[in-house]
Amino acid sequence: MRKRIFSIIEASDGKDVWSSIYDAFMMVVIIISLLPLNFKEETDFFVLTDKITTAIFIIDYILRWMTADLGSKNHPVIAFLRYPFTPMAIIDLVSILPSLSILNRGFKMLRVLRMFRAMRVLRVFKFVRYSKNIQIILNVIKRSRKPLLTVGVLALGYIYFSALVLFNVEPDTFDTIYDAIYWAVVSLTTVGYGDIYPVSAIGRSMAMLSSILGIAVVALPAGIITAGYMKELEERTNDDADMEEEEE
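With the numbering used here, the residue at position 54 of the sequence shown is 54, and numbering never jumps.
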């Protein structure tokens, strides 16, 4: 029974119909649970919606905890103890806790959690569990973490260098180094709010150079992730083809 539950609640590979249905159902529930956050008013309908969706999330959390040992290489006891501290379990729990004060208004201590109402927006991250494509992207990021980390360090160094140069070239424009770093980040990402900008000829020249080089720095992570995504899709396609040949 537990093995069947585990096979259903885990992300579907497209072959298990009930698993696919469960994934689609949970994604709909997540979307519905986010609807009250689009309004300031807390109507009876929204309260009821939050109760129902939270109850579903709690059941899902319990089922995953009950079957934590089936998807782990660790000893069953260690798997059960470790599960609440896994990243996705923490996201699940954090998305549930702010709603507990609605489910049980008798606990005054839980009412404090209403301050963290906005934390329910973390439920959007639960999509990771039920979307195969998102899991592929996460796997790509994990496999490409070294080049992405290198690019990240390069970007941070470039931001600090640009900010340091502009901060010293135009001390009247940038009151603090934080203002210069803010300008460098906005320029690097090509957002350009225009609230802080250099006014001298040297400052503008540095800004143009910074913006041109910044485009290349921003484009690098996109290229790495795209290449990794295409490679991951190709590997999965080949694996599926091999499995079909073995079945035949």
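Think of the CB as a built atom: it goes at the ideal place given N, C-alpha and C, for glycine as much as any other residue.
Problem - Cβ pair Val29, Ile5 closer than 9 Å - result: no
Handout entry: C-beta atoms of Ala155 and Leu188 nearer than 9 Å
Key = yes
Practice task
Name the residue from Val165, Ile21, Asp16, Lys51 whose alpha carbon lies nearest to the alpha carbon of Ser33.
Solution key: Lys51
Handout entry: Residues near Trp183 by beta carbon distance below 6 Å, same chain, minus five either side
Key = Ile196
Problem - For Pro87 and Tyr229, the rounded distance between their alpha carbons - result: 22 Å
Handout entry: Within 9 Å, strictly: CB atoms of Ile141 and Ile225
Key = yes
Exercise for the section: Closer than 6 Å by C-beta to Glu234: which residues in its own chain qualify, once you throw out the five before and the five after it? Chain order, please. Expected result: none
Practice task
Assuming Leu63 contacts Ile9 (C-beta within less than 8 Å), just tell me the rounded distance between them.
Solution key: 6 Å
Exercise for the section: Answer with buried or exposed for Leu138, where buried requires no fewer than 16 other C-beta atoms within 10 angstroms of its C-beta. Expected result: exposed
Exercise for the section: Put Thr190 into one of helix, strand or coil per three-state DSSP. Expected result: coil
Exercise for the section: Please go through the same chain and pick out, in chain order, the residues whose beta-carbon is closer than 8 Å to the beta-carbon of Arg143, but skip the five residues on each side of it. Expected result: Gly228, Glu232
Practice task
Determine the direct distance from the alpha carbon of Val218 to that of Val77, and round the result to whole angstroms.
Solution key: 45 Å
Exercise for the section: Note down, in chain order, each residue of its chain lying with its Cβ closer than 8 Å to the Cβ of Ile96, except the 5 sequence neighbours on either side. Expected result: Thr54, Phe57, Ile58, Tyr61
Practice task
Tell me whether Gly106 is buried or exposed, calling it buried when 16 or more other Cβ atoms sit within 10 Å of its Cβ.
Solution key: With a pLDDT of 47 at Gly106, under the threshold of 50, the modelled position of that residue is not reliable, and no figure is offered here.
Problem - Cβ neighbours of Val169 in the same chain (closer than 6 Å, five flanking residues each side left out) - result: Ile202, Gly203
Problem - Thr150 - containing alpha helix (DSSP H), residue span - result: 145-169
Exercise for the section: Reducing DSSP to helix, strand and coil, say where Val199 ends up. Expected result: coil
Exercise for the section: Could you tell me which of Ile136, Phe45, Ala68 sits nearest to Thr237, measuring between CA atoms? Expected result: Ile136
Practice task
Below 8 Å on the Cβ atoms is my guess for Lys3 versus Leu93; work out the distance and round it to an integer in Å.
Solution key: Not really, about 24 Å apart at Cβ, beyond 8 Å.
Practice task
Let me know if Val214 comes out buried or exposed under the rule of 16 or more other beta-carbons within 10 Å of its beta-carbon.
Solution key: Checking the displayed sequence, the identity of residue 214 turns out to be Gly instead of Val. Per the 10 Å Cβ criterion, buried.
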